[in-house]
Amino acid sequence: MFFSGDPSTRKRVDLGGRSSKERDRQKLLEQTRLERNRRLWLRQQNSAALKIQKCFRGRRAVKAEHFKVRVQFYGTYGNCCQNVDRHCFSPDSEFLRQLLFFFNARNAGDFAILVETCRLLVQFIRDSGDTVSLFAGRDYSSNHALVDYRVKQLAYACVEAVHQNRNQLKEQLLMKPEESSVSMTLLLEAVVSLIDPKLPWVCNIVGYLLQRKTFSLFREIALIWKESTKIAASNGKVSSLSMCLPL
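The sequence shown: position 6 = 6 (my numbering), numbered continuously.
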C-alpha cells in the first residue's frame, strides 16, 4: 500500500521508554499525592481556625468575668478602697482575691486601686509593726499556702504596675520613702515590706519573682531611673527604688 500523504494514517512506531499505562499510573499517583496534601492543608487550616476561635472565646469569657468581679469589688470596697480596713487583708476576706483576679496594670482604674491598697498596707504595717498577722491572722501555719500565694501575687502586681508606668511617672522613682503620697513610692514601699528578709514567706516570694522574670522588669525600671540619678545625687536623695533593688 502506497503512502497517501496523510500523516494521520501513518502507522505509529513505539521508540521505547515508558508505556502509556506506566505514564497513566504516575499521573494518577501524582494527582493522589496532590489531593492528599490539599486535604491535609484543609484539615490544618480548620484546626487552626478552631483553636483561634476557642482562644478568642476564652479571652472574651475571661474579660467578661474580670469585669463582673471588678464591679462586685467596687460595690463592696468602693472605687477608691474607702471601705477597706485591716480585716480586708486577712485570709477570710475576698478583698485581695478579687483585686488580684481582675487587676490589669494597663488599666488606669486598677492602677489607682492598687496604689491605694499599697498605701493602706504600708500604713497598717507601720501602725502594728506585724506584717504576718495582717495577712495570716493569728495562725500563719494553718493559712500559709493561701497567704503565700496572695503575698507573692501582690508583690508581682506592684512590680508590674511600676514597670508599666515607668515612663509616665519616672520622676517619682527618685522620691524618698518619706514622700509616700506618690504612686511609685507606695508601690515600691509595699514590695520592700512584703519581701523583708525577716518574714516567713520571703524565700517563696523571691523564688516566685525569679520564676516570673521580675528582675528583667527591674532592669528596665532601673534604666529609666538611671537617667535621673544625677539629679537625685545632687539633692542627696535615697529613692525607694534604690532601697528595693538590693533585695
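Note that beta-carbon positions come from the ideal geometry of N, C-alpha and C, so glycine has one too.
The C-beta distance from Cys118 to Cys55 rounds to 33 Å, too long to fall under 8 Å, and the pair is not in contact. The beta carbon of Thr214 sits closer than 7 Å to the beta carbons of Tyr156, Val159 from its chain, once the five residues preceding and following it are set aside; these are given in chain order. Secondary structure of Gln82 (DSSP, three-state): coil. Between Phe89 and Leu42, the C-beta spacing is not below 7 Å.
With contacts defined as CB atoms closer than 7 Å, Ala161 and Val147 fail to qualify as a contacting pair.
Excluding the 5 residues flanking it on each side, Asn83 has same chain C-beta neighbours closer than 8 Å at Thr76, Tyr77, in chain order.
Here Leu188 is actually not in contact with Leu100; their C-beta atoms are around 18 Å apart, not less than 8 Å.
Put simply, the backbone Cα of Gly58 is about 43 Å away from that of Ser128.
The three-state secondary structure of Lys51, taken from DSSP, is helix. Counting along the chain, the unbroken alpha helix (DSSP H) around Asn143 starts and ends at 140-164. For Ala112, the uninterrupted alpha helix (DSSP H) segment begins and ends at 108-128.
With distances taken between CA atoms, Arg126 lies nearest to Leu194 out of Phe103, Leu29, Leu194, Gln45.
For Ala108, the closest alpha carbon among the candidates Glu30, Cys80, Ile224 is that of Cys80.
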